[in-house]
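Participant:
Numbering (UniProt numbering), first residue to last: 1 to 389.
This is how it looks when you write it as structure tokens:
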């Protein structure tokens, strides 16, 4: 005869079957609790937890993740519903926090990497909560995930640096100050810096160390800000000097071009107004004299070098570019030397001509005094070797 089970035995048998079903794993090594936790089904998790064994809660899938790890690794979009799952799992077994994956990282590491952007009702991020504790590794992980969160304030204007200073976490404060994004002079809503908070702490070894840290970094920060402003000002001054330099070069170029144009105009006009005039045949009166030949050659050189200066200054420098400025400098210097030579030669022959005229006048005056008969004056057609315009 079959033995009839009592009510208690029947309930125990049903509970055993239910427990076996709840803790059964699929081909991926995942239990029903794992699947519900991964998808954030908090009601299902609450129903399954009473029937889950220690082994079922800590069972890892093929990727080495248990239910708490998979919940912690979910971030941003579904973080709120997964937070409730985490609470349920930890309330069932707080030791789940100590379980590590094959790479040695526990659930806190995963949460730090994925859930750093979530804010509580006080506007505090995971970093705000982490700096209240003593685990600097979690703070480092959060900062590695997103260094910009170091300056996120809560609804009271407190950044992670303010809270860490208030909690006297010197190691964490030092870690925060190493970041480039950290502003040591950031103000809370009541207009206090981290150093102001440290000054208000009771005298202790930690508060003294914090003051030294903050004083040092505040001075460094101020020096960097001053250097940045100075560099900005120097950059502006350098640009202004470059602008003035360019304007000066342009003005000098314009002046040289104008002078060269005037020289070209004068020398060109001198070709048609030869000193001494022209004969009826059209030839210059002084065409056979050495002074005229010297004048003709130097005048032509002055004309063409003046034109060369104008062409180089306008075409080469302005159109082609400043990298060919050496050509402009060379032609300008050469033209300057030639023009100086022309002016010197013309000045020499003008002075020589004036002296010759004076000598002729003296000779004429002497002859009129020594001779009894009147002497005719030199006709106006006497050739004067050189005149200057």
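Positions of the beta carbon are idealized from the N, C-alpha and C atoms, including for glycine.
How big is the Cα-Cα spacing for residue 184 and residue 48?
Facilitator: Between residue 184 and residue 48, the C-alpha separation is close to 49 Å.
Participant: At the level of alpha carbons, what is the spacing between residue 126 and residue 38?
Facilitator: Residue 126 and residue 38: Cα-Cα distance of roughly 21 Å.
Participant: Helix, strand or coil, according to DSSP, for residue 437 in the structure here?
Facilitator: No answer is possible for residue 437: the residues shown for the chain start at 1 and end at 389.
Participant: Give the DSSP-derived three-state secondary structure of residue 351 in the structure shown.
Facilitator: It is helical.
Participant: Three-state secondary structure (DSSP) at residue 146?
Facilitator: Note: residue 146 maps to coil in three-state DSSP.
Participant: Give the range of the alpha helix (DSSP H) segment to which residue 46 is assigned.
Facilitator: Note, residue 46: alpha helix (DSSP H), 42-48.
Participant: Use the C-beta contact count for residue 255: other C-beta atoms within 10 angstroms, 16 or more gives buried, fewer gives exposed.
Facilitator: Burial call: exposed.
Participant: In chain order, what residues of the same chain have a beta carbon less than 6 Å from the beta carbon of residue 203, not counting five sequence neighbours either side?
Facilitator: Within the same chain, residue 203 has no close Cβ partners at all.
Participant: What does a CB cutoff of less than 7 Å around residue 128 pick up in its chain, not counting 5 residues either side in sequence?
Facilitator: Counting only Cβ-Cβ distances below 7 Å, and skipping sequence neighbours, we find 154, 160, 163.
Participant: Is it buried or exposed for residue 366, if we count other Cβ within 10 angstroms and need 16 for buried?
Facilitator: Its Cβ having fewer than 16 others within 10 Å, residue 366 is exposed.
Participant: Would the C-beta of residue 184 count as close to the ligand NAD, meaning under 7 Å from any of its heavy atoms?
Facilitator: Questions concerning the ligand NAD fall outside what the structure shown contains, since it holds no ligand whatsoever.
Participant: Which word fits residue 299, buried or exposed, when buried means at least 16 other C-beta atoms lie within 10 angstroms of its C-beta?
Facilitator: Classification for residue 299: buried.
Participant: By the DSSP assignment, the alpha helix (DSSP H) with residue 196 in it spans what residues?
Facilitator: It spans 194-199 - the alpha helix (DSSP H) in which residue 196 sits, taken as one unbroken run.
Participant: Check whether the Cβ atoms of residue 268 and residue 303 lie closer than 8 Å to each other.
Facilitator: Against a cut-off of 8 Å, the Cβ pair of residue 303 and residue 268 comes out as a contact.
Participant: Measuring only the C-alpha atoms, how far is residue 385 from residue 333?
Facilitator: Below a pLDDT of 50, predicted positions are generally treated as unreliable, and residue 385, at 48, falls in that range; the measurement from the model is reported next regardless. Roughly 31 Å between the two C-alpha positions.
Participant: Do residue 335 and residue 353 have their C-beta atoms closer together than 8 Å?
Facilitator: In this structure, residue 353 does not lie closer than 8 Å to residue 335 by Cβ.
Participant: Measuring only the C-alpha atoms, how far is residue 122 from residue 151?
Facilitator: So the two alpha carbons sit approximately 16 Å from each other.
Participant: Determine the closest residue to residue 189 out of 23, 212, 158, with distance taken between C-alpha atoms.
Facilitator: It is 158.
Participant: Return helix, strand or coil for residue 165, following the three-state DSSP convention.
Facilitator: Here residue 165 sits in helix by DSSP.
Participant: Note down, in chain order, each residue of its chain lying with its Cβ closer than 8 Å to the Cβ of residue 8, except the 5 sequence neighbours on either side.
Facilitator: Excluding sequence neighbours, residue 8 sits near nothing in its chain.
Participant: Can you tell me which of the three DSSP states residue 26 falls into?
Facilitator: If DSSP states are grouped into helix, strand and coil, residue 26 belongs with coil.
Participant: Exposed or buried, residue 288, counting other C-beta atoms within 10 Å across all chains shown (16 or more means buried)?
Facilitator: With fewer than 16 Cβ atoms within 10 Å of its Cβ, residue 288 is classed as exposed.
Participant: What does the alpha-carbon distance come out to for the pair residue 213 and residue 134?
Facilitator: Cα-Cα distance, rounded: 18 Å.
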